[in-house]
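Working notes for the structure below.
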DNA sequence: GGGAATCCTAGTGAATTGGTAGGGAACCAT
DNA sequence: ATGGTTCCCTACCAATTCACTAGGATTCCC
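In structure tokens:
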């Protein structure tokens, strides 16, 4: 289960905008430098976020990007979907569109369960949560287990 | 969050072996046909499973592949790791090796929480569970929610 | 108008993913 | 021991992703 560079970069860029405040706009170059993201690559991602309605842009001398809505109304899941497509996919198709035969039939509900769990977390946590370093309690309790930080 | 074709194919192949029984061996071609997997591609995956100690192989006329251990002792997570590397990764690196700065710092515990949740499910469910279509209750209850089957 | 920034298109190269091809090596039965 | 069967290995191909570059058009503020 791989989270792509696009998704990671998109969330980090959105977090910079969240930290700046809803009515402060940042230039793509400033975000790129702050987060160590290739700046032209980031421009393409910010374009996706704009077309997805999550940020608004302004050209010209005092231009830049800012969030289109309050940071506490934007779940991480929304940012990932807009920048990178479906939250969870198997071979590029989303779980309900899969079809398995024989002894693999119960794989479908298994993937669905995994997706439900991922949705629960990424749909609950907002940009405001992460930017303020105040994750919800149920998420924090998952990350608090030292076991969760060990390798395999 | 994408589950690769390799991972999906590997699990499905292992499920065919689990359904066949621990001491019946199946030919790669038979598995490929049963699950609709490109057979030469599958051969490579089965080689990984063999090198990972999950299956044993036999060449020659009555050859094929069979599970190296009982199906109820092989979690799905093991199959995915052996065939496809780390269970969850961000941009190809596993969460504990990431480092974030500024307002993105709390992304790390967030990914850790997501990974912990995925591990919990895929580490608990075994090949025997899926092959017998008898998922554990906690997994089943996640998949039972009709909400979990809807698009975004 | 001029400068500054976004926006759009397009192209390049490396790495990964998904898939194919051919042949060598081992095994079993006759 | 020979032949057929099957695994096993290496190499190759195509598409996609990632990272980066270039150039120009558009829009905005001063």
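Protein chains in written order, with UniProt numbering: chain A, 1 to 152; chain B, 1 to 152. Virtual Cβ for every residue (Gly too), placed ideally from N, Cα, C.
Check: Consult DSSP for residue 57/B and reduce its assignment to one of helix, strand or coil.; Outcome: strand
Check: Please confirm if the region 106-126 of chain A is in contact with the region 117-137 of chain B, defined as three or more CB-CB distances below 8 angstroms between the two stretches.; Outcome: yes
Check: Spatial neighbours of residue 112/B within its chain, please: C-beta separation below 8 angstroms, excluding the five flanking residues on both sides.; Outcome: 95, 96
Check: Return the CA-CA distance between residue 41/B and residue 80/A, expressed in angstroms with no decimal places.; Outcome: 31 angstroms
Check: Under 9 angstroms, CB to CB, which of the residues in the region 94-108 of chain A have a partner in chain B?; Outcome: 94, 95, 96, 98, 100, 101, 102, 103, 104, 105, 106, 107, 108
Check: Would you kindly check if the distance between the Cβ of residue 66/A and the Cβ of residue 26/A is under 9 angstroms?; Outcome: yes
Check: Take residue 37/A and list the residues in its own chain whose beta-carbon comes closer than 6 angstroms to its own, dropping the five residues that flank it on each side.; Outcome: 9
Check: At which residues does the beta strand (DSSP E) containing residue 87/A begin and terminate?; Outcome: Careful: residue 87/A lies outside any beta strand (DSSP E) and carries neither H nor E.
Check: Beta-carbon within less than 8 angstroms of residue 125/B's beta-carbon, same chain only, minus the 5 sequence neighbours each way: which residues are those?; Outcome: 75, 76, 135, 136, 139
Check: Since I believe residue 102/A is in contact with residue 16/B (beta carbons under 8 angstroms), could you give me their beta-carbon distance rounded to a whole number of angstroms?; Outcome: 7 angstroms
Check: Quick check on the burial criterion: 16 or more other C-beta atoms within 10 angstroms. Buried or exposed for residue 84/B?; Outcome: buried
Check: Please list, in chain order, all residues of the same chain as residue 12/A whose beta carbon is under 6 angstroms from its beta carbon, the five residues on each side excluded.; Outcome: 35
Check: I'd like the list of long-range same chain contacts for residue 69/A, defined as Cβ closer than 6 angstroms, with 5 residues on each side in sequence excluded.; Outcome: none
Check: Along chain A, in chain order, which residues have C-beta atoms closer than 7 angstroms to that of residue 83/B?; Outcome: Going along chain A, no residue has its Cβ under 7 angstroms from residue 83/B, so there is no contact; the nearest lies around 13 angstroms.
Check: List, in order along the chain, the chain A residues whose C-beta lies closer than 8 angstroms to that of residue 56/B?; Outcome: What residue 56/B touches in chain A: nothing, since even the nearest Cβ is about 19 angstroms away.
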